[in-house]
Structures are given as C-alpha cells and as structure tokens.
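S.K.: Read in our numbering, the sequence shown has 1325 at position 93, and its numbers run on one by one without any break.
The beta carbon of each residue, even a glycine, is placed where N, CA and C say it ideally should be.
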Amino acid sequence: MNQGDIYIKRYDIGPDVLVAVCDIELIGKHLEEGGLTLEVSESFYKGEAVTESEVVASLRQATIANLVGERAVRCALANSFIEEANVIFIGGVPHAQMVRI
C-alpha cells in the first residue's frame, strides 16, 4: 500500500469516533448487489490520503469504522480489527463495519 491509496475521514460524534476508510478509486461509485446498495460518496469518505500505518492508527482510536475496498478491508483484517466472516461484497467490492463496545 502506498501513500495516498486510501482515504480516511474522521467524525467525532459525542463519545464516539467514527472512521470512514475507503480505497481512493471508489470515491463517487454506486455499488449494488442483490438488495444491497452503497454510495461511496465524496462527502462521507473523502478525507485525508494516508498510508497503511495511518489507517491502523486511526482504527485504534475508532469506536465505529466503515470500510470499503480491497486495500481498506485487507488492512483491517491483517491488523485484527475485523474478521473475514464479517466482510460482505457489494458489486464485487468488499465492505465491512466495525463497532467497538
């Protein structure tokens, strides 16, 4: 993963920290599969272009994370933030959510 391969956008919502993480080439895409749809909107996902270590640091702080794309999901899997069983595919693109209770 190179600098700029992934966008992260952080939202501080009361006591929670929501982190939106997505592969940069997915911004603006509309994904559909079965009855599922996902808008990878620039307004929600496009934040700072970061490295894998920055993704990991942000996920460590997050209480909620929304992950879209092969690199974003692979990074979260490799660092044990999510499990493979919780990854779904929408339009062939991996998507997962994390909630820390």
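Tell me F1321's beta-bridge partners as DSSP assigns them.
M.R.: Numbered from its first residue, the sequence shown carries residue 1321 at position 89. Answer is P1326.
S.K.: Would A1317 pass as an interface residue toward chain C - the criterion being a Cβ-Cβ separation below 7 Å?
M.R.: In the displayed structure, chain C is absent; only one protein chain is listed.
S.K.: So, do the stretch 1295-1306 and the stretch 1324-1332 have three or more beta carbon pairs nearer to each other than 8 Å?
M.R.: Taking 8 Å as the limit for Cβ pairs, the verdict is that the stretch 1324-1332 does touch the stretch 1295-1306.
S.K.: Quick one: what does DSSP say I1256 is sitting in, helix, strand or coil?
M.R.: As a working mapping, residue 1256 is identified with position 24 in the sequence shown. Looking at I1256 - three-state DSSP - the assignment turns out to be helix.
S.K.: Just curious, the beta strand (DSSP E) that R1242 is in, first and last residue?
M.R.: Here residue 1242 refers to the residue found at position 10 when the sequence shown is read from its first residue. First-last of the beta strand (DSSP E) with R1242: I1238 to I1245.
S.K.: For D1255 versus I1240, is the C-beta distance shorter than 7 Å?
M.R.: Sequence index remark: in the sequence shown, residue 1255 carries index 23 (1-based). Sequence index remark: in the sequence shown, residue 1240 carries index 8 (1-based). No.
S.K.: Under a Cβ-count criterion, where at least 16 other Cβ atoms within 10 Å of its own Cβ denotes burial, should F1313 be classed as buried or exposed?
M.R.: Here residue 1313 refers to the residue found at position 81 of the sequence shown. The residue in question, F1313, is buried, as its Cβ has 16 or more Cβ neighbours within 10 Å.
S.K.: Roughly how many whole angstroms lie between the Cα atoms of V1253 and V1331?
M.R.: If you number the sequence shown from 1, residue 1253 lands on position 21. If you number the sequence shown from 1, residue 1331 lands on position 99. Taking the straight line joining both Cα atoms gives about 14 Å.
S.K.: Between the Cα of I1322 and the Cα atoms of I1259, Q1293, R1306 and G1266, which residue gives the shortest distance?
M.R.: Start at 1 with the first residue of the sequence shown, and residue 1322 comes out as number 90. Among I1259, Q1293, R1306 and G1266, the Cα nearest to that of I1322 belongs to G1266.
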